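Novice:
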Amino acid sequence: MTTSEVSENATITSSRQRWTLVLVLTAAFMLLLDITVVSVALPSIQRDLSASLPDLQWVSAAYALALAVLLLPAATLGDRVGRRRVFLIGMVVFTIGSLASALATTALTLELFRALQGVGGAALFAAATPLLRAEFSGPALGRALGAFGATLGGASAIGPLVGGVLTDAFGWRSIFFINLPIGVLALVIGWAKLRESGNPAGGRADWLGTALIVVALTALMFALIRGNSSGWASPEIVTLFAVAAVALAAFVVYELRIASAPMADLRLFGRRSFVATGFDAFAISATVIGTITYLSLYVQNTLGNSPVQGGLRLLPMFLASFAVALLTGRLIGKVAMRMLLGVAMALAAAGLASMAHLTATSGWLVLLPGLILAGTGLGVTSTALPSAALSAVEPPRAGMAAGLTNTLRQVGTATGVAVFGALYANRVTAATVHELAGQGVPPDAIHRLAAAVASGEGTRVAATLPPETRAVVANAARAGTASGLNDVLLAAAAFAALAAVVGFAFGPDPAKRAPARAAAVDQPTNPRP
Numbered sequence: 050m051t052t053s054e055v056s057e058n059a060t061i062t063s064s065r066q067r068w069t070l071v072l073v074l075t076a077a078f079m080l081l082l083d084i085t086v087v088s089v090a091l092p093s094i095q096r097d098l099s100a101s102l103p104d105l106q107w108v109s110a111a112y113a114l115a116l117a118v119l120l121l122p123a124a125t126l127g128d129r130v131g132r133r134r135v136f137l138i139g140m141v142v143f144t145i146g147s148l149a150s151a152l153a154t155t156a157l158t159l160e161l162f163r164a165l166q167g168v169g170g171a172a173l174f175a176a177a178t179p180l181l182r183a184e185f186s187g188p189a190l191g192r193a194l195g196a197f198g199a200t201l202g203g204a205s206a207i208g209p210l211v212g213g214v215l216t217d218a219f220g221w222r223s224i225f226f227i228n229l230p231i232g233v234l235a236l237v238i239g240w241a242k243l244r245e246s247g248n249p250a251g252g253r254a255d256w257l258g259t260a261l262i263v264v265a266l267t268a269l270m271f272a273l274i275r276g277n278s279s280g281w282a283s284p285e286i287v288t289l290f291a292v293a294a295v296a297l298a299a300f301v302v303y304e305l306r307i308a309s310a311p312m313a314d315l316r317l318f319g320r321r322s323f324v325a326t327g328f329d330a331f332a333i334s335a336t337v338i339g340t341i342t343y344l345s346l347y348v349q350n351t352l353g354n355s356p357v358q359g360g361l362r363l364l365p366m367f368l369a370s371f372a373v374a375l376l377t378g379r380l381i382g383k384v385a386m387r388m389l390l391g392v393a394m395a396l397a398a399a400g401l402a403s404m405a406h407l408t409a410t411s412g413w414l415v416l417l418p419g420l421i422l423a424g425t426g427l428g429v430t431s432t433a434l435p436s437a438a439l440s441a442v443e444p445p446r447a448g449m450a451a452g453l454t455n456t457l458r459q460v461g462t463a464t465g466v467a468v469f470g471a472l473y474a475n476r477v478t479a480a481t482v483h484e485l486a487g488q489g490v491p492p493d494a495i496h497r498l499a500a501a502v503a504s505g506e507g508t509r510v511a512a513t514l515p516p517e518t519r520a521v522v523a524n525a526a527r528a529g530t531a532s533g534l535n536d537v538l539l540a541a542a543a544f545a546a547l548a549a550v551v552g553f554a555f556g557p558d559p560a561k562r563a564p565a566r567a568a569a570v571d572q573p574t575n576p577r578p
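Residue numbers for the sequence shown follow my numbering, beginning at 50 and rising by one.
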């Protein structure tokens, strides 16, 4: 090969790397934007579609549920039939789901179309980091993962603001319409520029394993989300938990002992490093991401901010996440992974705990230090967790490792929203009833008003009351919401602190071993299917 040919090949490779990075970052941006954008629009959706608190939980959780259920099957499918193919299919489904969500006319249809978005999102997320690993190695892989983590943080950072601006100016439907031109453009460029990786030549699909994990996770998420409204001891919820347990046990036995081509190598959970990675992935999403819904309702419906103002007040968390994720990419391989994960979760715990002293007279500035600390922890994990997962396996199984970790993140989000939602509703109701007692409010109205406050309406419940009772009810709503949210934040902080201990116990740092294996094993194939 001549010098000119070598130079030309290097240029082509560099160009391909740039396009791959741009497309993966675009997909990551869209996926995370649709989480934080929706959180700010929830009050508007609640009013427009007459949605209850469980409906609002489902608008967020249906997306996370589909991601959680399908990430691992999609990741394994990408390893076996080609990650480019899975990525492009995911982009089509996500874009269609966005259009359908924008046109939804009831809370139920919006929830269903959010789930369709999640189906596409699972394929995109599953293929994202393995596509990066197929193109980058060594320090370049660390920087690419840093950019990936920063994009997750950046999308989260501008999501509340973008959501607030769009909701105020054009209505909540515009937060879904914005995905359409981005999705179409990304699809066209991806078709032209992405190369295939994985093993598109074959590899049998693990259909029984896929069915078992889908049943297990679907039953578990339904039980968690419906538990508060249906009753945790109700036959429906007990049955769902039982189905989840049986299906999950069957999945483990089948994958370990029976499957000839298992979708997941569950022996990875025998490694302390992978257990720590998975636990912290679950914990950061359950705690920091899981509490965003309730913080958003608080700053808007209790403190009386508009969607734009609410987005601006949550912005410091995500700006911190964006900046720190970029920095963390340069620390991969230089700082022990146990330090990165342990410190990240400790910062998240400190941030959540520092916000848990709200009162009836608190303003949003009380939240500011905690938002920054929690955002810093989120930013570190955004970059460190993908690196930890990818470094634990050889490149042909990168999708499987990333899929396991990302599945735990999405299960964490859905679990956090559900569990903290149950705690929030219970504690806000009890605190509001206590505040209203002896204030001259008719007894039959006290529990009705407390339930409305606990549903997320906050001080808005006072707007329709006679003038002489508005101030009393508004004060009770502020105090009750503050008290309930304090309990949620403290519970989240305690779990994040436990995850910090697990992170510090990460074990031998695998990050420095990954680059040497990266490009040599996972050979590219023809860029056309």
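Virtual Cβ for every residue (Gly too), placed ideally from N, Cα, C. Being a predicted model, the structure only gives us computed values, none of them experimental.
1) Where does the unbroken alpha helix (DSSP H) through residue 242 begin, and where does it stop?
2) Can you find the residues in the same chain that come closer than 7 Å, C-beta to C-beta, to residue 407, ignoring five residues on each side of it along the sequence?
3) Could you give the distance in angstroms between the alpha-carbon of residue 152 and the alpha-carbon of residue 134?
4) Grab me the residues of residue 402's own chain with a C-beta within less than 6 Å of its C-beta, minus the 5 sequence neighbours each way, in chain order.
5) Does DSSP classify residue 71 as helix, strand or coil?
6) Closest to residue 313 by CA distance: which of 128, 528, 393, 518 is it?
7) Where does residue 384 fall in DSSP's three states?
8) Which same chain residues end up closer than 7 Å to residue 519 when comparing Cβ atoms and leaving out the 5 residues on each side of it in sequence?
9) Indicate whether residue 420 and residue 365 have their beta-carbon atoms separated by less than 7 Å.
10) Should residue 189 and residue 246 be called a contact, given that it needs their Cβ atoms to be closer than 7 Å?
11) With distances taken from CA atoms, which of 65, 101, 546, 100 is nearest residue 328?
12) Quick test of your reading: residue 118 and residue 263, contact by CB under 8 Å. State the CB separation rounded to the nearest angstrom.
13) With a cut-off of 7 Å, does the C-beta of residue 271 fall near any C-beta of chain C?
14) Flag this pair as touching only if the segment 421–436 and the segment 320–336 have three or more C-beta atom pairs under 8 Å; answer yes or no.
15) Going straight from the alpha carbon of residue 371 to that of residue 305, what length do you get?
16) How far does the alpha helix (DSSP H) with residue 582 in it extend, from its first residue to its last?
17) I need the straight-line Cα distance from residue 389 to residue 379, nearest angstrom please.
18) Thinking residue 197 and residue 77 are a contact (beta carbons under 8 Å), I'd like their distance in whole angstroms, please.
19) Does residue 283 come out as helix, strand or coil in the three-state DSSP assignment?
20) Quick one: measure Cβ to Cβ for residue 235 and residue 466, integer angstroms, because I've assumed they're closer than 8 Å.
21) Can you tell me the Cβ-Cβ gap for residue 180 and residue 108, rounded? I've got them flagged as a contact below 8 Å.
22) Go through its chain and collect everything with a Cβ distance to residue 113's Cβ below 6 Å, but skip five positions before and after it.
23) May I ask which residues mark the beginning and end of the alpha helix (DSSP H) holding residue 146?
24) Do residue 449 and residue 178 come within 7 Å of each other at the CB atom, strictly closer than that value?
25) Could you tell me which of 230, 176, 94 sits nearest to residue 243, measuring between CA atoms?
26) Between the C-alpha atoms of residue 393 and residue 514, what's the straight-line distance to the nearest angstrom?
27) Expressed to the nearest angstrom, what Euclidean distance is found between the alpha-carbon atoms of residue 259 and residue 351?
28) What do you reckon, are the CB atoms on residue 456 and residue 438 nearer than 7 Å?
29) By DSSP, does residue 476 sit in helix, in strand, or in coil?
30) Using the Cβ count rule (16 or more neighbours within 10 Å means buried), how would you classify residue 318?
31) Quick one: grab the DSSP three-state call for residue 97.
32) Residue 92 by DSSP, collapsed to three states: which one?
33) Just how far apart, CA to CA, sit residue 503 and residue 115?
Specialist: Based on what the coordinates show:
1) As a first step, residue 242 must be located in the sequence shown, where it is residue number 193. First-last of the alpha helix (DSSP H) with residue 242: 228–242.
2) Your numbering for residue 407 matches position 358 in the sequence shown. Around residue 407: 415, 531, 534, 535.
3) Taking the first residue of the sequence shown as position 1, residue 152 is located at position 103. Taking the first residue of the sequence shown as position 1, residue 134 is located at position 85. Near 28 Å, if we compare the C-alpha coordinates of residue 134 and residue 152.
4) Here residue 402 refers to the residue found at position 353 of the sequence shown. So the qualifying residues of the chain are 542.
5) In the sequence shown, residue 71 corresponds to position 22, counting from 1. DSSP places residue 71 in helix when its eight states are reduced to three.
6) Here residue 313 refers to the residue found at position 264 when the sequence shown is read from its first residue. With respect to the C-alpha of residue 313, the residue from 128, 528, 393, 518 having the closest C-alpha is 128.
7) Sequence index remark: in the sequence shown, residue 384 carries index 335 (1-based). Correct three-state label for residue 384: strand.
8) By one-based count along the sequence shown, residue 519 stands at place 470. Same-chain partners within the cutoff: 511.
9) Taking the sequence shown and counting its residues from 1, one reaches residue 420 at position 371. Taking the sequence shown and counting its residues from 1, one reaches residue 365 at position 316. A contact, by the Cβ cut-off of 7 Å.
10) Within the sequence shown, residue 189 is the residue found at index 140, counting from 1. Within the sequence shown, residue 246 is the residue found at index 197, counting from 1. No, they are not a contact pair.
11) As a first step, residue 328 must be located in the sequence shown, where it is residue number 279. Out of 65, 101, 546, 100, 546 has the C-alpha closest to the C-alpha of residue 328.
12) Residue numbering aside, residue 118 sits at position 69 when the sequence shown is read from its first letter. Residue numbering aside, residue 263 sits at position 214 when the sequence shown is read from its first letter. In this structure residue 118 touches residue 263 by the C-beta definition: roughly 5 Å separates them, less than 8 Å.
13) Within the model displayed, chain C is absent; a lone protein chain is all it includes.
14) The way I'd put it, the segment 421–436 does touch the segment 320–336; three or more beta-carbon pairs between them come closer than 8 Å.
15) The residue you call residue 371 lines up with position 322 of the sequence shown. The residue you call residue 305 lines up with position 256 of the sequence shown. Answer to the nearest angstrom: the Cα atoms are 39 Å apart.
16) Residue 582 is absent from the structure shown; the chain starts at 50 and stops at 578.
17) Translated into positions along the sequence shown, residue 389 becomes position 340. Translated into positions along the sequence shown, residue 379 becomes position 330. Rounded to the nearest angstrom, the two C-alpha atoms are 12 Å apart.
18) On the sequence shown, position 148 is the one that residue 197 refers to. On the sequence shown, position 28 is the one that residue 77 refers to. Their Cβ separation, rounded to whole angstroms, is 6 Å, which keeps residue 197 and residue 77 in contact under 8 Å.
19) Your numbering for residue 283 matches position 234 in the sequence shown. Looking at residue 283 - three-state DSSP - the assignment turns out to be coil, as it is neither helix nor strand.
20) Looking up residue 235 in the sequence shown gives position 186. Looking up residue 466 in the sequence shown gives position 417. The Cβ separation is near 28 Å, so there is no contact.
21) Locating residue 180 in the sequence shown gives position 131, where the first residue counts as 1. Locating residue 108 in the sequence shown gives position 59, where the first residue counts as 1. Incorrect: roughly 29 Å between the Cβ atoms, too far for contact.
22) In the sequence shown, the residue the question calls residue 113 occupies position 64. Correct list, in chain order: 459, 462, 463.
23) Looking up residue 146 in the sequence shown gives position 97. Note, residue 146: alpha helix (DSSP H), 132–151.
24) For the purposes of this step, residue 178 is identified with residue 129 of the sequence shown, where counting begins at 1. For the purposes of this step, residue 449 is identified with residue 400 of the sequence shown, where counting begins at 1. No, the pair does not count as a contact, with Cβ atoms beyond the cut-off.
25) Locating residue 243 in the sequence shown gives position 194, where the first residue counts as 1. Taking only the C-alpha atoms, the option nearest residue 243 is 176.
26) The residue labelled residue 393 in the question sits at position 344 within the sequence shown. The residue labelled residue 514 in the question sits at position 465 within the sequence shown. One Cα belongs to residue 393, the other to residue 514, and the distance between them is close to 46 Å.
27) Reading the sequence shown from its first residue, position 210 is the one you call residue 259. Reading the sequence shown from its first residue, position 302 is the one you call residue 351. Taking the straight line from one Cα to the other gives about 43 Å.
28) Reading the sequence shown from its first residue, position 407 is the one you call residue 456. Reading the sequence shown from its first residue, position 389 is the one you call residue 438. Going by C-beta atoms, residue 456 is not nearer than 7 Å to residue 438.
29) On the sequence shown, residue 476 is found 427 positions in, with the first residue counted as 1. Correct three-state label for residue 476: helix.
30) In the sequence shown, counting from the first residue as 1, residue 318 sits at position 269. Residue 318 counts as exposed, since fewer than 16 other C-beta atoms from the protein chains shown sit within 10 angstroms of its C-beta.
31) The sequence position of residue 97 within the sequence shown is 48, counting from 1. In the structure shown, residue 97 sits in a helix (DSSP, three-state: H, G or I).
32) To locate residue 92, count along the sequence shown from 1; it is residue 43. Here residue 92 sits in helix by DSSP.
33) As a working note, residue 503 is residue 454 in the sequence shown. As a working note, residue 115 is residue 66 in the sequence shown. Within the model, the alpha-carbon separation for residue 503 versus residue 115 is close to 27 Å.
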